[in-house]
Amino acid sequence: MNQELMEIGELPYSNPRNTASGSLKLQDSAEVAKRPLDCLLYFIIGNKLPFNSQFEGLETARNWGFKVPKEAKLAHNMEEIFQYIHYWDTHRHNMPYETDGVVIKVNSFQHQDELGFTAKSPRWAIAYKFKSEQVSTKLKSISYQVGRTGSITPVANLEPVQLAGTIVKRASLHNADQIEKLDIRIGDTVFVEKGGEIIPKIIAVDLGKRNPEAAPTNYITHCPECNSELIRSEGEANHYCPNFYGCPPQIIGRIQHYISRKAMDIEGLGGETVALLYTNGLVKDYADLYQLTVEQILPLERMAQKSAENLVNGVQKSKEIPFERVLYAIGIRYVGETVAKKLAKHYKTIDALQNASMMDLILVDEIGEKIAQSVLEFFDNAENVNIINRLKEFGVQLELVEKHNPNATDKLVGKTFVVSGVFEKFSRDDLKKAIEDNGGKVGSSISAKTDYVVAGDNMGPAKLEKANQLKIPIISEVDFLEMITK
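Residues in the sequence shown are numbered consecutively from 479, following this note's numbering.
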């Protein structure tokens with residue numbers, strides 16, 4: 479594809495990843511069809527699949543006519559895994575596409591179910607990354623970025639250099655400790671690599687090429703945006719700008735977080751538009767979004783009637799977003815997606831959360847002192863409370879809307895269950911839902927707090943041994959059904 483572009487005097491694309499992504503976003507499907515894209519299948523998801531393992535699934539998919547990487551291999555022990563890794567560490571450069579590592583998965587679907595997921599990734603798969611490509615270049619200057627929480631990130635501005643398919647001009651220096659550890663100075667020749675082949679980072683300085691007159695780097699003492707004196711709390715790696723409500727990047731960053739896909743997911747509104755709205759004085763916090771009109775937005779750069787209407791409609795539609803996502807969107811420090819769900823489920827309304835004490839919060843499952851303190855600090859701030867009150871007035875969902883389940887009971891209140899094995903009458907997810915619908919709690923692992931283990935066929939031997947050791951009752955799905963129906 480690049481060869482064709484160069485032959486007609488056009489600039490070639492910089493790397494396959496961005497080219498594929500950009501191709502898929504093209505509006506003209508005929509244009510997309512001209513691009514040499516390919517699709518390789520690596521996993522099949524579904525209930526009651528006609529196979530029991532990852533490898534068997536890949537072979538079945540291949541027989542169905544899907545393209546499946548022929549490089550996939552079933553390993554029987556750790557030695558075979560390492561042989562595979564070492565082989566592809568050198569042979570990967572002969573493949574028709576770039577790869578930065580090997581994914582190792584537990585083969586059995588039953589074992590995958592037993593191991594389950596964390597909030598972000600499966601416990602039954604792990605990525606082994608090959609050693610990253612490194613290049614050297616010169617450090618021209620260091621600039622400092624302010625994040626939505628006020629966190630300061632130093633950024634190295636580099637002489638442009640080709641690295642792993644892209645031109646790299648900047649790299650993160652993380653914090654003051656990292657700068658001191660590297661003893662990095664303006665004008666130094668530095669070694670750069672891409673962490674996980676994506677994010678450039680400086681790993682070392684070529685001291686042999688250092689100018690003897692190069693001065694040590696002094697970390698900034700004041701915010702580069704609002705000139706407030708920076709603070710660094712004990713135990714924190716980063717410096718912070720304390721001007722939470724007056725520092726422009728913090729304000730813009732909080733609104734950008736509020737509209738993001740996993741938060742309010744406001745269609746028609748992107749990060750650049752948020753910055754545009756702020757700099758033109760149309761919004762100063764995320765509650766202001768709900769007062770925007772088409773007439774206010776139209777004069778802005780790159781805004782037409784349709785895009786202005788889409789933005790206003792997208793903001794209004796966000797009032798349908800459920801409470802747990804609103805709680806994540808408002809940007810309480812340390813309250814990510816998972817914590818927001820736990821707090822929403824426990825407190826059910828923003829008012830109840832706002833009135834909670836430190837002890838109340840710590841007693842919530844998996845909420846520690848650090849998160850509890852952050853929640854208290856958020857609601858102690860009058861500005862935050864004012865914004866929340868305005869969101870209420872605009873009709874944003876600030877309480878949990880629980881769907882009525884006619885079969886729900888409180889028969890299992892106070893009981894914790896662990897589910898293990900394969901079941902006939904339930905899928906594992908349906909069984910877990912039945913436990914929760916009847917007031918029980920589902921545990922991920924067996925402990926002294928477990929009241930019952932619901933066991934199906936092929937129960938995990940480790941769980942069986944642990945349950946017997948702790949003398950926890952092991953019941954069948956039939957026993958469980960009797961428990962909730964009698």
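All C-beta atoms in this analysis are idealised placements derived from N, C-alpha and C, irrespective of residue type, glycine included.
| Query | Result |
| --- | --- |
| Beta carbon of Leu-755, beta carbon of Val-804: below 9 Å? | no |
| So, with DSSP's three-state summary, where would you put Ala-508? | helix |
| Return helix, strand or coil for Lys-903, following the three-state DSSP convention. | coil |
| So what does DSSP say about Arg-965, is it helix, strand or coil? | Absent from the structure is residue 965, since the part of the chain shown begins at 479 and ends at 964. |
| Going by alpha carbons, who is nearest to Gly-938 out of Lys-618, Ser-922 and Arg-811? | Ser-922 |
| List the whole-angstrom C-beta distance separating Thr-695 from Arg-663, where the pair is believed to meet the contact cut-off of C-beta under 8 Å. | 6 Å |
| What would DSSP say about Val-956, mapped onto helix, strand or coil? | helix |
| Quick test of the definition: if touching needs 3 or more C-beta pairs under 8 Å, does the stretch 857–870 touch the stretch 746–755? | no |
| The beta strand (DSSP E) that contains Val-931, what's its start and end? | 930–933 |
| Are Lys-896 and Lys-941 close, meaning C-beta to C-beta below 9 Å? | One point to set straight first is that residue 896 is Val, not Lys, in the sequence displayed. Yes, the Cβ-Cβ distance between Val-896 and Lys-941 is below 9 Å. |
| Just reading off the alpha helix (DSSP H) that Asn-635 is part of, what are its end residues? | Counting along the chain, Asn-635 falls outside any alpha helix (DSSP H), though it belongs to the beta strand (DSSP E) covering 630–641. |
| Tell me, to the nearest whole angstrom, how far the beta carbon of Asn-885 is from that of Asp-907; I am working on the premise that it is less than 8 Å. | Going by Cβ atoms, the distance from Asn-885 to Asp-907 rounds to 16 Å, so no, they are not a contact pair. |
| Could you check the C-alpha separation between His-589 and Lys-609 for me, to the nearest Å? | 30 Å |
| Can you tell me whether Val-874 is helix, strand or coil according to DSSP? | coil |
| Distance, Cα to Cα, Pro-727 vs Gly-625? | 6 Å |
| I'd like to confirm the pairing. Which residues does DSSP put opposite Leu-970 in its beta bridges? | Residue 970 falls outside the range modelled here, since the chain spans only 479 to 964, and no answer is possible. |
| With DSSP run on the structure shown, which of helix, strand or coil describes His-700? | strand |
| For Ile-729, I'd like the list of residues in its chain whose CB is within less than 8 Å of its CB, leaving aside the five on either flank, ordered along the chain. | Tyr-723, Tyr-756, Lys-762 and Asp-763 |
| Since Gln-588 sits in a beta bridge, which residues does DSSP pair it with? | Gln-588 pairs with nothing; no bridge assigned. |
| Comparing C-alpha positions only, which one of Gly-748, Gly-487, Gln-612 and Gly-628 sits nearest to Gln-640? | Gln-612 |
| Taking the continuous beta strand (DSSP E) assigned at Gly-713, which residues delimit it? | Per DSSP, Gly-713 belongs to no beta strand (DSSP E) and is neither H nor E. |
| Considering only the alpha carbon of each residue, which of Leu-685, Asn-721 and Asp-684 lies closest to His-700? | Asn-721 |
| Tell me whether Ile-604 is buried or exposed, calling it buried when 16 or more other Cβ atoms sit within 10 Å of its Cβ. | exposed |
| Please confirm whether Lys-819 and Ile-744 have their CB atoms less than 9 Å apart. | no |
| Measure from the alpha carbon of Arg-512 to the alpha carbon of each residue in Ala-539, Ile-486 and Met-479, then state which is nearest. | Here residue 512 is Lys; the residue named in the question, Arg, does not match the sequence. The candidate whose alpha carbon is nearest that of Lys-512 is Met-479. |
| Taking buried to mean at least 16 other C-beta atoms within 10 Å of its own C-beta, is Asn-653 buried or exposed? | buried |
| Can you tell me whether Lys-672 is buried or exposed, with buried defined as 16 or more other CB within 10 angstroms of its CB? | buried |
| Just confirm the distance between the C-beta atoms of Gly-917 and Leu-890, as a whole number of angstroms; I'd bet it's less than 8 Å. | 5 Å |
| Alpha carbon to alpha carbon, how far is Tyr-806 from Glu-815? | 6 Å |
| Please state if the CB of Asn-493 and the CB of Ala-642 are separated by a distance shorter than 9 Å. | yes |
| Please name the residue, chosen from Gly-748, Lys-616 and Leu-518, that lies closest to Val-790 on a Cα-to-Cα basis. | Gly-748 |
| Can you tell me the Cα-Cα spacing of Lys-545 and Ala-597, whole angstroms? | 30 Å |
| Compare the C-alpha of Ala-553 against each of Pro-528, Val-584 and Asp-567 and name the closest. | Val-584 |
| Roughly how many whole angstroms lie between the Cα atoms of Val-931 and Leu-660? | 52 Å |
| With H, G and I counted as helix, E and B as strand and the rest as coil, what does DSSP make of Ala-692? | coil |
| By Cβ distance, which residues of its chain are closer than 6 Å to Gly-535, with the 5 residues on each side in sequence left out? | Ile-522 and Phe-529 |
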